[in-house]
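Asker:
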Amino acid sequence: MYWFAIPNIGSILKGLSQGRKELMSFLNRRMYKEMPMAALEKKLLRLSPLDMRFHLRDLLGSGHLKTVEGPTGLVVKIVKD
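Okay, so the sequence shown: first residue is 4 according to the working numbering, each after it adds one.
1. Which residue's Cα is closest to the Cα of H67: P10, E44, K83?
2. If you run the structure through DSSP and keep just helix, strand and coil, what is I81?
3. In angstroms with no decimal places, state the Cα-to-Cα distance between G13 and S20.
4. For H58 versus L26, is the C-beta distance shorter than 7 Å?
5. Report the rounded CA-to-CA distance for S51 versus M38, giving the unit in angstroms.
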C-alpha cells in the first residue's frame with residue numbers, strides 16, 4: 004500500500020471542513036432549515052477560503068443537502084436523517 008502526500012493540502016482540508024460546518028450551522032439556525040439557493044450563494048463564509056458555491060456542490064453531492072423547486076426558485080434544505 005502506498006500513501007501520497009500533497010504539499011500544503013492541510014490548509015485546504017481545514018477550509019473544507021470548516022466551510023461545511025459553517026454552512027450547516029447557518030442552515031440549522033433557520034426556522035425551517037432551508038434557504039433560497041440564490042440568497043445562499045451570495046453569503047460569504049468567514050472560516051473558509053473556498054467559495055460558497057463549492058461548499059454547496061460538495062454538500063449536495065454528499066447528500067447532506069437537497070434542492071427543492073419552490074415558487075421563487077430553487078430552495079436548499081437540510082436532509083433529515
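Backbone N, C-alpha and C fix where the C-beta goes; we use that ideal spot for every residue, glycine too.
Answerer: Per the coordinate set shown:
1. Within the sequence shown, numbered from 1, the residue matching residue 67 stands at position 64. The shortest C-alpha separation from H67 is found at K83.
2. Looking up residue 81 in the sequence shown gives position 78. In this structure, I81 counts as strand in the three-state DSSP scheme.
3. Working through the sequence shown from its first residue, we reach residue 13 at position 10. Working through the sequence shown from its first residue, we reach residue 20 at position 17. Rounded to the nearest angstrom, the two C-alpha atoms are 11 Å apart.
4. On the sequence shown, residue 58 is found 55 positions in, with the first residue counted as 1. On the sequence shown, residue 26 is found 23 positions in, with the first residue counted as 1. Yes; because the gap between Cβ atoms is below 7 Å, this pair is in contact.
5. Position 48 of the sequence shown, counted from the start, is the residue given in the question as residue 51. Position 35 of the sequence shown, counted from the start, is the residue given in the question as residue 38. Their backbone Cα atoms lie some 20 Å apart in a straight line.
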